[in-house]
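Note sheet for the following structure.
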Amino acid sequence: MRQIRKFVVGGLFDSALTHEIDFSNDGRVTIIAGPNGVGKTHILRLIHAILGLQTVTLTRMPFHNAQLKFADGRSLIVRRVTGDHPRESRIVMEGYGPRGGKLGVAEFSTDFHIEGGLDRFAPRGDGMFLDRRSGQVLTARDIDDYIMAMRRRRAHRRASNDNQTILFSDEILTDNGWLGELIESRNPIFIDTKRLDTPQAKSGSDGSPPTRPRIDEYIEQVKLQVADARRTSLAVTQETDQTFAKRVLTRSKKSRLIREEDLKRRYEDIAERSAELYSSGLSQTLVDVQFPSSAVDSTETRVLSIFIDDWQRKLEPLLPVNDKLKALQRIVNDKFIGKKLRLDKTGALVFVADDDQSTISVTLLSSGEQHILALFTMLLFSAQPGSVVLIDEPEISLHAAWKHAFLDDITDVANIADLQIILATHSSGIINGRWDLVQELSAGR
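Letter 55 of the sequence shown, counting from 1, is numbered 55 in full-length UniProt numbering, and no numbers are missing.
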């Protein structure tokens, strides 16, 4: 996603209040601070709705206009135009290029008859919604698709004099190519104060089926990525093993030009990386091949060169997951007492007690520990590269020392996972002296 450099919102809470936010120069982490009631959470929700093209959400939010300016000089202006009925409103989006040229205009609306049926969808706190009737977990895009389907059904049931085409979800991008190119992604992430709240693990009064705890969903993503990386590595292993002999026999005589010290240096680097992957649990095979202690001839050089090339190819699919896993383990193991986070043979995250090496269930973690685990697991293993992540009050349930380390941790994660992080907080512990990253809001600004 194209990084945001500035956000301006006018008429927040349908008043004369205007906020202008400049995002940090490196684009990784920006902190929005200010007293309660100034609109920090609404600003996060508004940015999330605009980037996600959540037209239904935008029509219901209390603002007059907003502008997003991106790093490449392009901008998107969003205006909310209200109608006679409180729920009848339109959203107008205008895109502009780096030199001010208009890219296009798109207009969307909804009506209160359909919106009245949206109470069945309960926001979960991470930008997803729970359908109270079916128990399904839905995205904002799914909600817009629901609205579009309802409008089509009504159009079949009665004649309409409305000649305006109302578009939602994929149709927005299909009919407004400039908007899709400007936004680039439909995966902004909003993490609110209820990020650990989950429906009860039993059928509700409406007969909806039980749902999995959200933290389990985040942990499952780790297992899926580990399995995918292992599968890719195995495919490379099978392919290289089957062709190894042929490649040794046909390798060009240029192998003679390879210096032994360069070959040994490559071997040592890859051997160290392989041992790290085996220790972390990602690699299930420990390669025990020693570099020859005596001088190698041209044939041995050719064989070793191909072997090292293949070895590196086998490890490469595991490296991105390993970087994420190392970051998660560092963050968690530095904070949690009496337990360590590990990866078992199946690729699942497990906690092991320091004293007797017994397994500790995630449900036995404290609230603060669960918040840390859920947040960083989700960002590292579920967020798409380039996503904008908006976090409301990250200080919730965090120990004072954890608050002080939070900014360093989240910056590390943003660099590894290629994310732009926007925090809303009034905690000096979270800021921890980094006032250069802070955009202070006030009721008068």
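We put the CB at the ideal spot given by N, CA and C, even for glycine.
Since this is a predicted model, take the numbers as computed values, not measurements.
Asked: Nearest candidate by alpha-carbon position, reference Lys-314, set Arg-330, Gly-433, Ile-270, Ser-279; Found: Ile-270
Asked: Thr-346, enclosing beta strand (DSSP E) - first and last residue; Found: First-last for Thr-346: undefined, no H or E at that position.
Asked: Of the residues Val-389, Leu-423, Tyr-278, the one placed nearest Ile-396, counting alpha carbons only; Found: Leu-423
Asked: Buried or exposed (CB count within 10 angstroms, at least 16 for buried), Ser-2; Found: In the sequence as displayed, the identity of residue 2 is Arg instead of Ser. Arg-2 should be labelled buried.
Asked: Val-29 versus Pro-385: straight-line alpha-carbon distance, rounded; Found: 15 Å
Asked: Run of the alpha helix (DSSP H) containing Val-56, from where it starts to where it stops; Found: 55-59
Asked: Rounded C-alpha distance that separates Gly-281 from Gly-10; Found: 51 Å
Asked: Per DSSP, the bridge partner or partners of Ser-75; Found: Lys-69, Tyr-96
Asked: Residue of Ile-189, Ala-122, Lys-6 minimising C-alpha distance to Met-378; Found: Ile-189
Asked: As assigned by DSSP and simplified to three states, the class of Leu-138; Found: strand
Asked: Burial state of Ser-134 (16 or more Cβ within 10 Å); Found: exposed
Asked: Straight-line Cα distance separating Ala-235 from Ala-295; Found: 33 Å
Asked: C-beta atoms of Val-78 and Ile-43 nearer than 9 Å; Found: no
Asked: Spatial neighbours of Val-222 in its chain, beta-carbon cut-off 6 Å, leaving aside the 5 residues before and after; Found: Leu-349, Phe-381
Asked: Spatial neighbours of Glu-393 in its chain, beta-carbon cut-off 7 Å, leaving aside the 5 residues before and after; Found: Thr-193, Ala-424, Thr-425
Asked: Cβ shell of Val-303 (< 6 Å), same chain only, five flanking positions each side left out; Found: Val-248
Asked: Heavy atom of the ligand SAM within 8 Å of Arg-5 beta-carbon; Found: The ligand SAM is not part of this structure, which contains no ligands at all.
Asked: Pro-320 - containing alpha helix (DSSP H), residue span; Found: 319-333
Asked: C-beta atoms of Phe-70 and Ile-21 nearer than 9 Å; Found: no
Asked: Backbone secondary structure at Gly-429 - three-state DSSP; Found: helix
Asked: Pairwise C-alpha distance: Asp-354 and His-338; Found: The question names His, but residue 338 is Gly in the sequence shown. Each residue's alpha carbon lies about 5 Å from the other.
Asked: Leu-319 and Leu-277 closer than 9 Å at C-beta; Found: yes
Asked: Neighbour-count burial assignment, Asp-409, 16 or more Cβ in a 10 Å radius; Found: buried
Asked: Lys-40, buried or exposed, once every other Cβ within 10 Å from all chains shown has been counted against 16; Found: buried
Asked: is_contact[Ala-327, chain B] using C-beta, thresh 9 Å; Found: Absent from the structure is chain B; it holds one protein chain and no more.
Asked: Buried or exposed by the 16-neighbour rule on C-beta atoms within 10 Å, applied to Gly-177; Found: exposed
Asked: Sub-9 Å separation of Ile-32 and Val-438 beta-carbons; Found: yes
Asked: Under the three-state DSSP convention, the category Arg-302 falls into; Found: helix
Asked: Outcome for Thr-57 when other beta-carbon atoms lying within 10 angstroms are tallied against a minimum of 16; Found: buried
Asked: Three-state secondary structure assigned by DSSP to Ile-396; Found: coil
Asked: Contact set for His-113: own chain, Cβ-Cβ below 7 Å, skip 5 residues either direction; Found: Note on His-113: pLDDT 44, under 50, position unreliable in the model; no value is reported.
Asked: Residue environment, Gly-347, which counts as buried when at least 16 other CB atoms sit within 10 Å; Found: buried
Asked: Between the CA atoms of Arg-45 and residue 447 - distance to the nearest angstrom; Found: Residue 447 cannot be examined here, being either before or after the span of the chain that is shown, 1 to 445.
Asked: Opening and closing residue of the alpha helix (DSSP H) in which Ile-219 lies; Found: 214-250
Asked: Supposed close pair Asn-432, His-404 - CB separation, criterion 8 Å; Found: 5 Å
Asked: Residues bridged to Phe-7 (per DSSP); Found: Ile-21, Leu-68
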